[in-house]
Amino acid sequence: MSSPVATIAPSPVSSTPAPALANVLYEKKGALAYVTVNRPKVLNALNAATWQELRAIFESAQNDPEVRGVILTGAGDKAFIAGADIGDLSQATAIDAERSSRQGQEALDLIENLGKPVVAAINGFALGGGCETAMACTIRVAVERAKFGQPEVKLGLLPGGGGTQRLPRLVGKGRALQLILSGEMISAQEAYRIGLVNEVVPAADLIPRSEAILEEIVANAPLAVRYALDAVNKGMETNQSEGLALEASYFGLCAGTEDKKEGTSAFLQKRPAQFRGR
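Counted the way our numbering counts, the sequence shown spans residues 437 to 714.
What follows is the structure in structure tokens.
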């Protein structure tokens with residue numbers, strides 16, 4: 437039995453200011469935020485400043501009650517994010533490289549655990565840190581021409597933005613090791629086949645499809661969405677028995693919310709629910 441379609445209650449006016457940005461574009465439309473890595477001349481490569489801006493903007497989105505979901509993409513029509521800035525990386529010492537790795541990991545941990553869904557709208561190359569950024573997002577939608585890979589071994593390195601951890605969890609240990617150890621680049625169709633991306637769409641449909649996915653999600657109870665994200669993310673880090681206990685705990689938390697009362701009442705009364713995130 438399907439329930440009536442829920443509607444989104446108006447959010448309070450946000451006082452969260454967007455930080456000043458040089459490498460990332462930020463825009464809000466209704467309940468959705470749009471984050472665009474804006475370095476098209478270098479295929480949106482990630483340097484230290486860009487990592488800092490991504491972290492700042494996602495912190496802003498996390499703290500903004502108006503924002504219910506985020507679309508992350510890259511500027512131009514060639515790349516989502518083509519990886520790290522190799523010019524910077526070539527000059528890095530061992531200490532610099534470890535610090536850079538932790539900086540990227542912390543930014544991507546924030547994206548993964550934002551408490552709000554993030555769709556990676558992958559419009560081209562997603563290599564190295566770009567593939568790692570996509571993997572930190574909740575859902576990945578790619579254009580048909582997109583390419584994926586972790587080519588760090590070709591530079592004498594290994595993935596440093598979470599690739600050795602997230603890729604096996606998404607596609608399995610064997611496939612992940614093949615991609616990481618070979619540095620092979622794969623097509624969007626192959627990425628879909630192995631479970632690295634959720635959907636492959638024509639370029640013209642990339643943002644509309646990403647918006648449609650988020651609009652379906654944000655029509656639901658905000659706390660339920662947040663707790664479901666937490667249950668999955670934290671449950672993946674433990675065994676099934678502990679994960680089930682975690683799930684039951686979040687289920688109980690949801691049951692005590694006003695949104696649960698509203699959702700169940702609306703279902704029984706055959707009317708759209710008015711969720712308020714309480």
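Think of the CB as a built atom: it goes at the ideal place given N, C-alpha and C, for glycine as much as any other residue.
All values reported here derive from a predicted model rather than from experimental measurement.
Pick from the options that is closest to residue i, judged by C-alpha positions
| i | options | result |
| --- | --- | --- |
| LEU468 | ARG475, VAL506, LEU457, PRO501 | VAL506 |
| ASN669 | PRO553, ILE558, LEU461, ALA492 | PRO553 |
| ILE522 | ILE622, ARG475, ASN483 | ASN483 |
| TRP487 | GLY512, GLY540, ALA511 | GLY540 |
| ALA520 | ALA556, LEU546, ALA624, VAL473 | VAL473 |
| GLY466 | ASN480, LEU457, VAL503 | VAL503 |
| ILE493 | ASN459, ASN480, LEU525 | ASN459 |
| GLY688 | LYS706, GLU678, GLN705, ALA660 | ALA660 |
| GLY592 | ASN549, LEU525, ALA481, GLU542 | LEU525 |
| GLU489 | TYR462, ALA582, GLN601, ARG538 | TYR462 |
| MET621 | ALA582, ALA655, ASN656 | ALA582 |
| GLY512 | SER536, ASN656, PRO476 | PRO476 |
| LEU650 | VAL555, ALA481, TYR686 | VAL555 |
Enclosing beta strand (DSSP E) for residue i [first to last residue]
| i | result |
| --- | --- |
| GLU635 | 635-637 |
| THR509 | 505-510 |
| THR569 | Run containing THR569: none in the beta strand (DSSP E); it sits in the alpha helix (DSSP H), 565-572. |
| LEU544 | Careful: LEU544 lies outside any beta strand (DSSP E), inside the alpha helix (DSSP H) at 530-548. |
| GLY461 | Rather than Gly, the amino acid found at residue 461 in this sequence is Leu. Unbroken beta strand (DSSP E) run through LEU461: 460-465. |
Residues of its chain near residue i, where Cβ-Cβ distance is below 6 Å and the 5 sequence neighbours each way are ignored
| i | result |
| --- | --- |
| ALA628 | Sequence inspection shows Tyr at residue 628; the Ala mentioned does not correspond to that position. Closer than 6 Å at Cβ, skipping near neighbours: VAL636. |
| LEU594 | GLU588 |
| GLY679 | GLY671 |
| LEU409 | Because the chain is modelled from 437 through 714, residue 409 falls outside the range shown and cannot be assessed. |
Extent of the continuous alpha helix (DSSP H) run through residue i
| i | result |
| --- | --- |
| LYS697 | 694-704 |
| ARG611 | 609-618 |
| ALA655 | Neither: ALA655 is in no alpha helix (DSSP H) and is coded neither H nor E. |
| ALA691 | 676-691 |
| GLU489 | 484-499 |
| ALA627 | 624-630 |
Inter-residue CB distance, residue i and residue j (contact presumed, cutoff 8 Å)
| i | j | result |
| --- | --- | --- |
| VAL478 | LEU508 | So it is not a contact: roughly 18 Å between Cβ atoms. |
| PHE434 | PRO658 | Here the chain covers residues 437 to 714 and nothing more, so residue 434 does not appear. |
| CYS567 | GLY599 | 7 Å |
| ALA572 | LEU544 | 4 Å |
| THR700 | ARG714 | About 15 Å; that fails the 8 Å criterion. |
| CYS690 | LYS696 | 6 Å |
| ILE547 | VAL577 | At roughly 15 Å, the Cβ-Cβ gap does not stay under 8 Å, so ILE547 and VAL577 are not in contact. |
Contacts around residue i, its chain only, beta-carbon distance under 8 Å, and the 5 residues preceding and following it disregarded
| i | result |
| --- | --- |
| GLY551 | GLN498, ARG662, LEU665, ASP666 |
| GLU580 | ALA624, GLN625, VAL636, VAL637, PRO638, ALA639 |
| THR674 | LEU682 |
Nonlocal neighbours in the same chain, by C-beta distance under 7 Å from residue i, ignoring five residues either side
| i | result |
| --- | --- |
| LYS590 | GLY619 |
| ILE653 | GLY505, PRO553, VAL661 |
| ASN549 | ASN669 |
Whether or not the stretch 583-594 and the stretch 556-575 are in contact is what I'm after, with contact meaning three or more pairs of Cβ atoms, one per stretch, closer than 8 Å; do they touch?
Counting Cβ pairs under 8 Å, three or more are found: they touch.
Can you confirm whether the stretch 494-510 touches the stretch 526-535 when touching is taken to mean that 3 or more C-beta pairs between the two stretches lie within less than 8 Å?
No, they do not touch.
Would you say the stretch 511-519 touches the stretch 613-633, given that touching needs at least three Cβ pairs under 8 Å?
A contact between stretches requires three or more CB pairs, one per stretch, nearer than 8 Å, and the stretch 511-519 fails this requirement with the stretch 613-633.
Whether or not the stretch 635-655 and the stretch 604-617 are in contact is what I'm after, with contact meaning three or more pairs of Cβ atoms, one per stretch, closer than 8 Å; do they touch?
No contact exists between the stretch 604-617 and the stretch 635-655.
Taking three-plus beta-carbon pairs below 8 Å as touching, is the stretch 645-660 in contact with the stretch 601-609?
In this structure the stretch 645-660 does not touch the stretch 601-609; the number of beta carbon pairs closer than 8 Å is below three.
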